[in-house]
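Read the structure below first, then the notes.
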Amino acid sequence: MPGNTRFQLLRHALVVWCIAVCLGLTSSPATAQVATATPAAGMVKRVAGAVSLVRDGVLSPVQPGLAVLVGDGFRTGADGAIALALADDTLLSVGPDSELQVTAFSFDSTTQDGQMLASVWRGTAAFVTGLIAKRAPTNVRVQTRTVVLGVRGTEFIVDAGRGAP
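For the sequence shown, the positions run -32 to -1, 1 to 133 when mature numbering (1 follows the signal peptide of the UniProt record, and there is no 0) is used.
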């Protein structure tokens, strides 16, 4: 039972952190663009501790305000955490020792049509779904190394375990 209590404490701490981060999110990433005029999937809102961006196979540091592109991955260290806001108002919070990738994302702000696939390769991530899930829940999916989840709710946590980075 001690392992179960530890998981509950970890889950509670992650939920509290996610709520605190979400309350601090005020600007919309819908207008974020990169210099190449590629529409951004979202924006980095908060960074704590060791967090790296993996873009086109290159690791680089992460700062709030960075545009998130489809295919971008984020790795957090033992003290790391990151909060992302996507263009459809989906909020993602990634905990310590985790790896998340924005595998696929598209969103039309006029029709609110879109799709999202996020990959949690290791560690934990919390999600608060946005407009895509509200309009078409089957268009929002999260995958881990062992399963692909279809989303039917608005808030959830994924724990992908401690797989290799």
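We put the beta carbon where it would ideally sit given N, CA and C, even for glycine. This structure is a prediction, so every number in the text was calculated from the model and none was measured.
Terminal residues of the alpha helix (DSSP H) in which residue i lies
i	result
A101	99 to 103
Within 8 Å, strictly: CB atoms of residue i and residue j
i	j	result
S74	Q111	no
Q80	A72	no
G63	A49	yes
V30	M11	no
T122	A101	yes
R109	V116	yes
Start and end residues, beta strand (DSSP E) containing residue i
i	result
T79	From DSSP, T79 is part of no beta strand (DSSP E); its letter is neither H nor E.
T106	Segment: none, T106 is in no beta strand (DSSP E) and carries neither H nor E.
R130	Neither: R130 is in no beta strand (DSSP E) and is coded neither H nor E.
T58	First-last for T58: undefined, no H or E at that position.
residue 142	Within the shown structure, residues of the chain are numbered from -32 to 133, placing residue 142 beyond reach of any answer.
7 Å Cβ shell around residue i - same chain, five flanking residues per side excluded
i	result
G98	L54, D56, D57, T58
A128	V88, W89, R90, G91, T112, R113
As assigned by DSSP and simplified to three states, the class of residue i
i	result
T122	coil
T112	coil
T44	strand
Q1	Any reading at Q1 must be qualified, since the residue scores a pLDDT of 38, below 50, and its modelled position is unreliable; no value is offered.
G10	strand
L34	coil
P29	strand
T92	strand
S74	strand
Exposure of residue i, with buried meaning 16 or more beta-carbon neighbours within 10 Å
i	result
A8	buried
G25	exposed
D76	exposed
L27	exposed
6 Å Cβ shell around residue i - same chain, five flanking residues per side excluded
i	result
D51	The sequence as given places Ala at residue 51; Asp does not occur at that position. Here the set comprises V(-12), K13, R14, S61.
L68	F42, V62, V88, A93
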